[in-house]
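In the UniProt record's numbering, the protein residues as written are 1 to 110.
Everything on this sheet refers to the single structure shown next.
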Amino acid sequence: MPSERAGRRPPLVRLADVLAEASGGVRPTPLELAELLWLARHMEPAEAAPEAAAEEVRAPDAPSPTPPPPREQPHDGTPSPPRPTPVAPPRAPLHLPAPQTPAPAPAPPA
Numbered sequence: 001m002p003s004e005r006a007g008r009r010p011p012l013v014r015l016a017d018v019l020a021e022a023s024g025g026v027r028p029t030p031l032e033l034a035e036l037l038w039l040a041r042h043m044e045p046a047e048a049a050p051e052a053a054a055e056e057v058r059a060p061d062a063p064s065p066t067p068p069p070p071r072e073q074p075h076d077g078t079p080s081p082p083r084p085t086p087v088a089p090p091r092a093p094l095h096l097p098a099p100q101t102p103a104p105a106p107a108p109p110a
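In structure tokens form, the structure reads like this:
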């Protein structure tokens, strides 16, 4: 495209190249790319702060040999408040056909 700088590839081509490199050289099909983009659009965003996200990106210096001890929750003797009831997602209205009146009973044979 004339508006793009020369030598710069479109984002979709770069994404396909990165996925091909990660999978050992097999490029994703257009359908696989479409499914990936659809999934990415429907995922919830991360709730981490920008500073925390930058810390997560960095690799640790050395893996710790033992997991850290579990955190202790402060307990003051009062029960925790009940969890809110989950809200059901909105549903589409169901439109049923109007009930029909039953047909009259046939007359007994004479």
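By construction, the Cβ of each residue, glycine as well, lies at the ideal position given by its N, Cα and C atoms.
On a predicted model such as this, the values are computed, not experimentally measured, just so you know.
Cβ neighbours of residue i in the same chain (closer than 8 Å, five flanking residues each side left out)
| i | result |
| --- | --- |
| Pro45 | none |
| Pro28 | Ala16, Leu19, Ala20, Leu36 |
| Glu47 | none |
Extent of the continuous alpha helix (DSSP H) to which residue i belongs
| i | result |
| --- | --- |
| Glu44 | No alpha helix (DSSP H) contains Glu44, which DSSP labels as neither H nor E. |
| Pro81 | It is not in any alpha helix (DSSP H) - Pro81 carries neither H nor E in the DSSP assignment. |
| Arg14 | 11 to 22 |
Chain D contact for residue i (CB, 8 Å cutoff)
| i | result |
| --- | --- |
| Ala105 | The chain labelled as chain D is not found in the depicted structure, where only one protein chain is given. |
6 Å CB neighbourhood of residue i in its chain, flanking five on each side removed
| i | result |
| --- | --- |
| Ala103 | none |
| Ala107 | none |
| Gly25 | none |
Closest residue to residue i among the options (Cα-Cα distance)
| i | options | result |
| --- | --- | --- |
| residue 115 | Gly25, Ala16, Pro93 | Residue 115 lies beyond the range of the chain shown here (1 to 110); nothing can be said about it. |
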